[in-house]
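K.L.:
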DNA sequence: GTCTATATGTTGATAGAC
DNA sequence: GTCTATCAACATATAGAC
């Protein structure tokens with residue numbers, strides 16, 4: 001009775017078209033090439049098999065290193081996960097705090113832009129985003145709380161936008177909490193199925209979802 | 001360096017309001033009380049901590065049993081997970097294959113009903129549904145393939161409904177694949193946040209999401 | 001059917017050479 | 001910084017008593 005199910009080699013994971021995303025662009029330039037490569041390897045492993053099913057050996061093998069090498073660059077496996085999830089949440093928050101969102105004169109334009117950008121970010125970085133959404137239970141309680149705080153900041157930006165549109169009558173009357181949650185669900189859930197070699201670019205999907213979001217709140 | 005993060009006792013999990021759902025109703029009556037209780041305990045553990053972070057001890061403790069007792073009722077931990085995910089997928093498929101969906105004369109009614117029922121099922125059984133959505137990587141390749149087949153059957157029912165509405169001009173012209181996926185995302189993603197002690201009953205949320213789905217495909 | 005005890009293998013992390 | 005070797009802890013699953 002082997003404890004682990006059949007697995008893929010690091011090379012197979014790296015070549016899997018479903019696991020292609022732009023994660024290498026996310027890591028801080030302050031990190032060296034090796035730690036950045038380890039984060040990218042970890043993203044693929046965590047996305048494919050889950051945090052707890054991934055061993056430190058798996059992560060290190062992705063860079064052709066021995067398991068001990070990981071601990072030169074990261075103090076623990078949990079901190080590799082935390083770094084990935086923290087950076088992911090910080091980057092997507094930056095991406096929706098863009099002037100085209102914050103300074104939008106028209107509320108409908110603001111909603112269109114924030115939905116489009118949030119969707120496109122999740123699509124472009126869908127493997128990392130999948131880890132950010134699905135592996136939160138691997139974090140310690142302290143790290144989990146910090147991530148929840150970042151999520152609140154992002155969610156508040158969406159909620160404000162919906163609330164503003166209802167208040168200025170750009171949008172129909174609606175339960176703001178319910179509508180905001182529905183929009184976030186739409187944008188986030190794509191991490192389960194999106195692939196970069198599919199029919200839609202991240203921006204095309206973003207525009208499509210922005211259109212759906214506007215229909216959700218359209219005045220009749 | 002403890003390998004496992006701080007955990008909750010089985011009693012704490014059973015009392016957590018976020019982990020209340022109707023999972024005990026799902027298990028076959030052919031099973032005895034103990035195996036059904038083990039499945040319910042496992043659902044809570046898998047939803048709270050993930051499949052791989054859950055030990056056979058955790059599951060058994062939830063029923064006040066020793067770890068060895070689990071193996072009298074299930075041949076392996078993976079088969080506990082498979083049973084949960086298989087039953088979840090079969091039940092939701094049954095639930096959307098209801099006469100009110102299959103025999104609907106009006107396509108808009110059919111879409112309203114299928115979205116409403118699919119949403120309400122996921123809300124009512126959100127803890128089980130969370131395991132069904134988030135723990136697929138814990139399955140063996142063979143079991144995974146069987147679940148994907150069940151998912152296709154459900155998805156096809158939604159896709160047919162959207163396609164019929166576009167063909168009979170109940171709905172606006174649209175990319176059927178894209179629109180269907182968006183609707184499924186909306187209904188499924190609620191497993192990440194829904195709780196039974198929140199402001200909306202499963203049926204209220206179902207009706208709300210059905211309204212959103214109809215707006216997505218409304219003719220202008 | 002449930003228990004205690006344990007076999008067997010794996011895992012996260014460290015020690016110490018180079 | 002990377003390696004080999006290894007530890008202590010833990011997990012799944014089984015054996016055998018009751």
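Chains as they are written, first to last, in UniProt numbering: chain Z, 1 to 220; chain B, 1 to 220. Cβ atoms here follow ideal geometry from the backbone N, Cα and C, with glycine treated the same way.
Could you work out which residues of chain B lie near residue 52/Z, taking near to mean beta carbons separated by less than 7 Å?
P.N.:
Under the 7 Å cutoff, chain B gives 50, 52, 53.
K.L.:
Against chain Z, with Cβ distances strictly below 8 Å, would residue 210/B count as a contact?
P.N.:
By this cut-off, residue 210/B is not an interface position.
K.L.:
Using the three-state DSSP reduction, which class does residue 217/B fall into: helix, strand or coil?
P.N.:
DSSP places residue 217/B in coil when its eight states are reduced to three.
K.L.:
What is the rounded straight-line gap between the Cα of residue 37/Z and the Cα of residue 55/Z?
P.N.:
Residue 37/Z and residue 55/Z: Cα-Cα distance of roughly 16 Å.
K.L.:
Can you list, in chain order, the residues of its chain with a C-beta nearer than 8 Å to that of residue 163/B? Leave out the 5 residues immediately preceding and following it.
P.N.:
Answer for residue 163/B: 176, listed in chain order.
K.L.:
Contact between the stretch 163-172 of chain Z and the stretch 80-90 of chain B: three or more CB pairs below 8 Å?
P.N.:
With a cut-off of 8 Å, the stretch 80-90 of chain B and the stretch 163-172 of chain Z do not count as touching, because too few Cβ pairs lie within range.
K.L.:
Hey, does residue 23/Z have any beta-carbon neighbour from chain B nearer than 8 Å?
P.N.:
No - not a single Cβ of chain B is within 8 Å of the one on residue 23/Z.
K.L.:
What first and last residue would you give for the alpha helix (DSSP H) that runs through residue 174/B?
P.N.:
Careful: residue 174/B lies outside any alpha helix (DSSP H) and carries neither H nor E.
K.L.:
Look at the alpha carbon of residue 196/Z and the alpha carbon of residue 21/Z, and state the distance between them as a whole number of angstroms.
P.N.:
Answer to the nearest angstrom: the Cα atoms are 7 Å apart.
K.L.:
May I ask you to report which of helix, strand or coil DSSP gives residue 3/B?
P.N.:
Per-residue confidence for residue 3/B stands at a pLDDT of 43, beneath the threshold of 50, marking its modelled position as unreliable; no derived number is given.
K.L.:
So what does DSSP say about residue 122/Z, is it helix, strand or coil?
P.N.:
It is helical.
K.L.:
What's the call for residue 105/Z, buried or exposed, on a 16-neighbour Cβ count within 10 Å?
P.N.:
Answer is exposed; the Cβ neighbour count stays below 16.
K.L.:
By DSSP, does residue 37/Z sit in helix, in strand, or in coil?
P.N.:
Three-state DSSP puts residue 37/Z in a helix.
K.L.:
The stretch 98-128 of chain Z: which residues have C-beta closer than 7 Å to a C-beta of chain B, in chain order?
P.N.:
Hits within the stretch: zero.
K.L.:
Below 8 Å, how does it come out for the stretch 203-218 of chain Z and the stretch 109-128 of chain Z: are there three or more Cβ pairs, yes or no?
P.N.:
Yes, the stretch 203-218 of chain Z touches the stretch 109-128 of chain Z.
K.L.:
Could you pull out every residue in the same chain whose Cβ sits closer than 8 Å to the Cβ of residue 1/Z, ignoring the five residues on either side in sequence?
P.N.:
At residue 1/Z, the pLDDT of 39 sits below 50, so the modelled position is not reliable and the matter cannot be decided from this model.
K.L.:
Could you round the C-beta distance between residue 23/Z and residue 43/Z to whole angstroms and report it? I think they count as a contact, below 8 Å.
P.N.:
So it is a contact: roughly 5 Å between Cβ atoms.
K.L.:
Identify, in the order they occur along the chain, each residue of the same chain with its Cβ nearer than 8 Å to the Cβ of residue 8/Z, setting aside the five sequence neighbours on each side.
P.N.:
Same-chain partners within the cutoff: 16, 48.
K.L.:
Under a CB-based cut-off of 8 Å, is residue 56/Z close to chain B?
P.N.:
By this cut-off, residue 56/Z is not an interface position.
K.L.:
When you compare only the Cα positions, how much space is there between residue 153/B and residue 186/B?
P.N.:
Each residue's alpha carbon lies about 18 Å from the other.
K.L.:
Name the residues in the stretch 153-166 of chain Z whose C-beta lies less than 8 Å from a C-beta of chain B; which are they?
P.N.:
If the cut-off is 8 Å between Cβ atoms, the stretch 153-166 of chain Z has nothing near chain B.
K.L.:
Skipping 5 residues on each side, what residues in its chain have a beta carbon closer than 7 Å to that of residue 184/B?
P.N.:
Counting only Cβ-Cβ distances below 7 Å, and skipping sequence neighbours, we find 155, 158.
K.L.:
Residue 181/Z versus chain B: which residues are under 9 Å apart at the beta carbon?
P.N.:
Neighbours of residue 181/Z on chain B, chain order: 189, 190, 193.
K.L.:
Return the Cβ separation of residue 189/B and residue 188/Z in integer angstroms, given the expectation that the two are a contact with Cβ distance under 8 Å.
P.N.:
With a Cβ gap of about 6 Å, residue 189/B and residue 188/Z count as contacting.
K.L.:
Given this structure, state the Cα-to-Cα distance separating residue 91/B from residue 101/B, to the nearest angstrom.
P.N.:
If you take the alpha carbons of residue 91/B and residue 101/B, they lie about 15 Å apart.
K.L.:
Which two residues bound the contiguous alpha helix (DSSP H) that contains residue 191/Z?
P.N.:
Segment: none, residue 191/Z is in no alpha helix (DSSP H) and carries neither H nor E.
K.L.:
Which of helix, strand or coil does DSSP assign to residue 32/B?
P.N.:
In the structure shown, residue 32/B sits in coil (DSSP, three-state: anything other than H, G, I, E or B).
K.L.:
Suppose contacts are defined by Cβ-Cβ distances below 8 Å. Is residue 26/B in contact with residue 120/B by that definition?
P.N.:
No, these two residues do not count as a Cβ contact at 8 Å.
K.L.:
So residue 14/B and residue 62/B are supposed to be a Cβ contact under 8 Å. How far apart are they, rounded?
P.N.:
About 7 Å; that satisfies the 8 Å criterion.
K.L.:
Hey, does residue 185/Z have any beta-carbon neighbour from chain B nearer than 8 Å?
P.N.:
Answer yes: the Cβ-Cβ gap between residue 185/Z and chain B drops below 8 Å somewhere.
K.L.:
Do you know offhand how far residue 19/B's Cα is from residue 132/Z's?
P.N.:
If you take the alpha carbons of residue 19/B and residue 132/Z, they lie about 21 Å apart.
K.L.:
To the nearest angstrom, report how far apart residue 141/Z and residue 74/Z are at their CA atoms.
P.N.:
So the alpha carbons of these two residues sit roughly 19 Å apart.
K.L.:
So which residues of chain B does residue 42/Z contact, with C-beta pairs closer than 9 Å?
P.N.:
Within 9 Å Cβ-Cβ: nothing; residue 42/Z doesn't reach chain B, min ~15 Å.
K.L.:
Going along the chain, which unbroken runs of the alpha helix (DSSP H) with 4 or more residues stay wholly within the UniProt DNA-binding region "H-T-H motif" (55-74) of chain B?
P.N.:
If we require 4 residues or more, the alpha helix (DSSP H) runs fully inside the UniProt DNA-binding region "H-T-H motif" (55-74) of chain B come out as 56-61, 70-73.
K.L.:
How far does the alpha helix (DSSP H) with residue 89/Z in it extend, from its first residue to its last?
P.N.:
First-last of the alpha helix (DSSP H) with residue 89/Z: 77-96.
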